[in-house]
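Visitor:
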Amino acid sequence: MRVTVVGGGVAGAASAIALSRVGAQVTVHEAYEDPGGTVGSYLSLSVNGLRALDALGCLDAVRRAGFPVDRQRMWSGRDRPLGDVPRGRRSGDPLRSVTLMRADLVRVLREEAARAGARILLGSRGCGDSPADVVVGADGIWSATRRALDPSAPEPRYAGLYSISGATDGPVRLPGERPQGFNMVFARRGAFIYLPAPDGTVWWSAQVAAADPPPDLAAVGLAELAGLFRTEKTPLAVLRASSAVTASTLLHVLPPVTRRHDDRTVLVGDAAHPVGAGQGASMAIEDAVALARQLAEAETVPAALAAFDRLRHDRTGKLAKTAAANRDAKTAGPLAARLREIMMPLFFDRFYEKATGWLYDHDPGRLDGETLVADDRQ
Ligand SMILES: Cc1cc2nc3c(=O)[nH]c(=O)nc-3n(C[C@H](O)[C@H](O)[C@H](O)COP(=O)(O)OP(=O)(O)OC[C@H]3O[C@@H](n4cnc5c(N)ncnc54)[C@H](O)[C@@H]3O)c2cc1C
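Numbering of the sequence shown is given in my numbering, commencing with residue 14 and proceeding in unit increments.
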């Protein structure tokens, strides 16, 4: 079976590995020469994403490119602890969430895809008119494949938040006793996330709530951020210990996509469901494993694509609702913030696992021994 993958980001590179593993001849078209998207930003993989990476055979390589993060701590703008939960896992799970630069994740996945036999064409825009048996649209939130499948498909719209990331120049003394781990501060103007990295620097990102996007996002620098977070001691200390912004991006949401496949083309990753909630990459990797398994198991390509979509739609739809609630929490006004400071410490830790366990329990299945059957698949 010949497969064209449009897009060589997380979803595209992971799909190339999975599909090569089940015996497809895969060609990936990636528009940019280097890992496209917000290159200087980092992301976290939760245990469901890590288990999907394990099914692809590249969990260890990804772990080596990042660092484990054990806990997730939530703080009010006044440094009051609001919650302290396991990061991206159930408390009893021996796996630890991994944080790494997005560009490093894409590099590791592309290397693995090439080793598995996929052809990766950089600087090449793919399209649906390829002669392949299957076209995988892994071309991100602005997907042209989605538009080709359905010219009336929804378009992304600005989410009322923009994200600016960076790292401190070195170790920073944070106010109070701040242990390692993923920390999120609910600040007056949005959320401020920071994680101490093993090299002593602190990786951070500011998710700023703004009804309208700034006229020139690239011009939003450290001085402006320091102004926006001037009333919150910890974000301010982190920003003052940094000398550059490494990535800036407007966050977008996409209304539900109703046409996600036809008999030959299928959307994966952000092209189908830009979920947010720190789960976009994990979901994209889960998609890759599920798609390869369905193509290996089903009798025909149309049946496989329909089965893949049925399998994935409920899960990503449920997650999209969680993501919307998370976004609302970051854009809440001062009254909601005060209520949060009172209520969250009372219930967050106790109910967190109950609310999120379904996400981490997902079993992606294995690709070992799954191969495309010979008849109509060559
Ligand atoms: C600020 C920020 C923080 C995030 N943090 C997290 C996190 O902590 N955890 C997490 O799991 N997720 C996180 N995400 C989401 C995650 O980055 C995405 O969900 C994930 O990268 C989706 O991968 P993708 O391959 O579907 O899309 P993309 O990463 O957008 O990749 C699409 C690729 O397709 C290429 N392309 C586009 N059009 C074409 C074309 N016509 N032809 C060829 N190539 C094309 C692009 O160049 C790009 O390389 C975050 C996102 C942002 C913006």
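Backbone N, C-alpha and C fix where the C-beta goes; we use that ideal spot for every residue, glycine too.
For the stretch 239-249 against the stretch 259-266, are there 3 or more C-beta pairs whose distance is under 8 Å?
Guide: no
Visitor: Tell whether a beta-carbon distance below 8 Å holds between S165 and A284.
Guide: no
Visitor: Can you say whether S104 is buried or exposed, counting buried as having 16 or more other CB atoms within 10 angstroms of its CB?
Guide: S104 is exposed by the Cβ-count criterion.
Visitor: Tell me the rounded alpha-carbon separation between F321 and P144.
Guide: Taking the straight line joining both Cα atoms gives about 22 Å.
Visitor: Is it the case that the CB of P164 approaches a heavy atom of ligand 1 more closely than 7 Å?
Guide: Checking every heavy atom of ligand 1 against the Cβ of P164, none is found closer than 7 Å.
Visitor: On the three-state DSSP scale, how would you describe W371?
Guide: helix
Visitor: Less than 8 Å separating the beta-carbons of T181 and S255?
Guide: yes
Visitor: Which word fits L56, buried or exposed, when buried means at least 16 other C-beta atoms lie within 10 angstroms of its C-beta?
Guide: buried
Visitor: For V23, which of helix, strand or coil comes out of DSSP?
Guide: helix
Visitor: So what does DSSP say about G96, is it helix, strand or coil?
Guide: strand
Visitor: Taking only the alpha-carbon atoms, compute the straight-line gap between D376 and T313 and give it to the nearest angstrom.
Guide: 24 Å
Visitor: Does the beta-carbon distance from G89 to R102 come in below 8 Å?
Guide: Sequence inspection shows Ser at residue 89; the Gly mentioned does not correspond to that position. Contact flag unset, no.
Visitor: Have a look at the DSSP bridge pairing and note the partners of Q38.
Guide: Partner(s): R15.
Visitor: Mind checking whether the beta-carbon of Y207 lies closer than 7 Å to any heavy atom of ligand 1?
Guide: In this structure, Y207 has its beta carbon at no less than 7 Å from each heavy atom of ligand 1.
Visitor: Could you pull out every residue in the same chain whose Cβ sits closer than 6 Å to the Cβ of Q391, ignoring the five residues on either side in sequence?
Guide: Unreliable positioning characterises Q391 in this predicted model, as indicated by a pLDDT of 40, which lies under 50. A coordinate reading is not provided.
Visitor: Report yes or no: do the stretch 278-296 and the stretch 210-218 share at least 3 C-beta pairs separated by less than 8 Å?
Guide: With a cut-off of 8 Å, the stretch 210-218 and the stretch 278-296 do not count as touching, because too few Cβ pairs lie within range.
Visitor: Assuming I298 is part of the beta strand (DSSP E), what are its boundary residues?
Guide: Element bounds for I298: not the beta strand (DSSP E) but the alpha helix (DSSP H), 293-310.
Visitor: Grouping DSSP H, G and I as helix and E and B as strand, with all else coil, what is V198?
Guide: Reduced to three states, the DSSP call for V198 is strand.
Visitor: Using 7 Å as the cut-off, classify the Cβ of S176 as near or not near the heavy atoms of ligand 1, replying yes or no.
Guide: yes
Visitor: Does the stretch 350-358 come close enough to the stretch 77-92 to have 3 or more Cβ pairs within less than 8 Å?
Guide: A contact between stretches requires three or more CB pairs, one per stretch, nearer than 8 Å, and the stretch 350-358 meets this requirement with the stretch 77-92.
Visitor: Would you kindly check if the distance between the Cβ of G25 and the Cβ of V35 is under 8 Å?
Guide: no
Visitor: Taking the straight line between their C-alpha atoms, what separation do you get for L235 and G53?
Guide: 15 Å
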